[in-house]
Every structure is written in C-alpha cells, then in structure tokens.
Amino acid sequence: MLVLVRFPALAIVTLSACNWVFGLKQTASTLQDADPCQLHVGDPGFHDEDGDGYDDHCDDCPTVYDDPQVDSDGDGVGDVCDPHPASPRDSIATFEMFDGVTYSWTPNDVSNWMLGGDAVQTTAAQDATNAILTRRIALTQPTLEIAFTVDDYGTAAQVNSIVVDLDATADATCTAKGDSSGGVIYLLVADTTTKQVAVVPMGQANTLRITYDSTGTACSLNGDKVAASQAISGELSTASIAVHDVTASIQHAILYQYTP
Ligand SMILES: [Ca+2]
Ligand SMILES: [Ca+2]
C-alpha cells in the first residue's frame, strides 16, 4: 500500500543496544522493548535492508549483504562497507531506510517527495523541481552512501543528475549525471574531476557513495570510483541528496563517521 507522508520528521536520536546512534527509524509507538538484535524475520519492528538476516540496527553493514559479519579492524563497521577497512576508526553515525511512516531527512518542499515501497520518491514525472533532502549532523570526516533508482531520466537538455553533498558547497559533492536515454553516465566529484562510468539503466538500484577524509573527496557509483584531492572549505554539518530533472527513488541513506 502506498503511504503518502508530506511532513518531515522530527529528529529523534536514540542510542540502540548495539551502541549505534541512528535517525528516526521507529516511532515511539513501534519501538520494541526487546533488544532489536534479538528480533528475527517476521517479528514486529524487524527490518533488514540488505536481506542478510541481521536487523538493520544490529548489522555491521546494514545496507550491504554480509553474512558472516567480517570486521577485520574491529571498529564495528563490517569490511564490505567500512570506508577505511584497515583503520579501526569508523562508525555508523546514522542511517535512514525510508521504511517507516516518517523519515529523518528534511525535504526542501514536502510536495516533492513521498514515501512508499520502502523508499522515498520524487513526485513529479521527469522531476524538474530540484527535489532536495537534507540532514543536519556534525561529522568530521564523513561518508554518505545512498541507494537510488532512476525511474525516468527526463530530457537531454536538462541537468539529469543526482548529487550527494557533505558540506553544502561544491567541495564535497558527488554527482551522477545521465542523459535522457540513460546511455551516458558521468561521475563528477567536487565539481572538478569527471569520469565516464557504467550505464545505469532506468529502474535499476544503484549505490552512490561519497567519502571526505584527509586525502580529499572520493566518489563511487556501484564501486566505480573517482577522487579529487582539494581541501574542503565548508562545514561538514549538512548532508544533502539532490535530484535534478529526473524521476528517482532513494532506498536508503547512511552516514559513517571517521574519527582521526
Ligand atoms: Ca549487512
Ligand atoms: Ca571495520
């Protein structure tokens, strides 16, 4: 059933039994008294974004299938998603699976987005409204990963892009850009370095990830990576997801923190 929600959620920060601080995953009415790590498939409140059998709150990589949960550096972030898998300084800061009746990211205009089907979707066909979601959170060296699906690339004369941004400027941005046919995809990091990457067909789930750390800004689309080395100038306090001139769905948004 499609559930329409047109109001941003109030941010509620809860410390889970798994020692992860997470965004608005469950409302007060659905919070489980039991340890979420004891929940199983079919239990009320159980949600397993990647389908590996671990509840999202207890999964060391809640958006990437990993069973067994291998964490070589022992920092609580599994190898398959750890932004720095050989340095025990990463943590999961917050995640949003868009699976509830509210969500923790703030839309620029509530009429641009709707929840449904375990995702948040832009509302306009060939969306030209520049639909944007933001999440204010202070992080030092963050990684933002989103899963997205393009339902329609729009027309070639438009921007046709999805942008993840860590600082509200052009320093820490990662742009996946296509044309109306979906035939050409560019990955653009920090507005300076561009790389042609694999074609992303409409209707296919993709992973777009941006990392800012001491080496600069790195961007990857389905594992295909491009990086830029310039220093960041803005504050890393606002993460954003912007959908320009395409119709798209966002299945999850997860923020990691690296503590130098
Ligand atoms: Ca997992
Ligand atoms: Ca790790």
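Residues in the sequence shown are numbered consecutively from 0, following our numbering.
Glycine included, each C-beta is placed from N, C-alpha and C at the ideal position.
Only a predicted model underlies this, so the values are computations on that prediction, with no experimental measurement involved.
Beta-carbon distances below 5 Å to any heavy atom of ligand 2 define the shell here; list its residues in chain order, please.
D70, D72, D74, V76 and D81
Neighbourhood of D150 by C-beta distance below 7 Å, restricted to the same chain and skipping five residues each side:
Start at 1 with the first residue of the sequence shown, and residue 150 comes out as number 151. The answer, listed in chain order, is M201, G202, T246, A247 and S248.
Could you pull out every residue in the same chain whose Cβ sits closer than 6 Å to the Cβ of T128, ignoring the five residues on either side in sequence?
On the sequence shown, residue 128 is found 129 positions in, with the first residue counted as 1. Result list for T128: N111, in chain order.
What is the DSSP secondary structure of T55, reduced to helix, strand or coil?
Mapped onto the sequence shown, residue 55 falls at position 56. Contrary to the premise, residue 55 reads as Asp rather than Thr in this sequence. In the structure shown, D55 sits in a helix (DSSP, three-state: H, G or I).
Assigned secondary structure, T29 (DSSP; H/G/I helix, E/B strand, else coil)
Position 30 of the sequence shown, counting from 1, holds the residue named residue 29. At T29 the pLDDT is 43, less than 50, meaning the model places this residue with poor confidence; the figure from the coordinates comes in the next sentence. T29 falls in the coil class under three-state DSSP.
Cβ-based burial, S213 [other Cβ within 10 Å; buried from 16]:
Within the sequence shown, the letter at position 214 stands for residue 213. By the neighbour-count rule (16 or more Cβ atoms within 10 Å), S213 is not buried but exposed.
What first and last residue would you give for the beta strand (DSSP E) that runs through R208?
Stepping through the sequence shown from its first residue, residue 208 is reached at position 209. Here the beta strand (DSSP E) through R208 covers A204 to D212.
Note down, in chain order, each residue of its chain lying with its Cβ closer than 8 Å to the Cβ of S28, except the 5 sequence neighbours on either side.
In the sequence shown, residue 28 corresponds to position 29, counting from 1. For S28, the predicted structure reports a pLDDT of 37, less than 50, and the residue's modelled location is therefore unreliable. A value from the coordinates is still provided. Excluding residues within five positions, none has a Cβ falling inside 8 Å.
What is the DSSP secondary structure of G22, counted as helix, strand or coil?
Within the sequence shown, numbered from 1, the residue matching residue 22 stands at position 23. Because the pLDDT at G22 is just 36, under 50, the model does not fix this residue reliably, and the point stays unresolved.
With DSSP run on the structure shown, which of helix, strand or coil describes Q68?
Translated into the one-based positions of the sequence shown, residue 68 becomes position 69. Looking at Q68 - three-state DSSP - the assignment turns out to be coil, as it is neither helix nor strand.
Counting only runs of 3+ residues fully inside the stretch 107-149, write out the beta strand (DSSP E) ranges in chain order.
112-114, 119-121 and 130-135
Using the beta-carbon of each residue, find all residues closer than 5 Å to any heavy atom of ligand 1 and list them in chain order.
D49, D51, D58, C60 and D65
Could you please give me the residues that DSSP links to A217 through a beta bridge?
Numbered from its first residue, the sequence shown carries residue 217 at position 218. A217 pairs with T210 and A226.
Express the C-alpha separation of A241 and L187 in angstroms, rounding to a whole number.
Taking the first residue of the sequence shown as position 1, residue 187 is located at position 188. Taking the first residue of the sequence shown as position 1, residue 241 is located at position 242. Roughly 14 Å between the two C-alpha positions.
Roughly how many angstroms lie between the CA atoms of T105 and R134, to the nearest whole one?
The residue you call residue 105 lines up with position 106 of the sequence shown. The residue you call residue 134 lines up with position 135 of the sequence shown. The straight-line gap from Cα to Cα measures roughly 6 Å.
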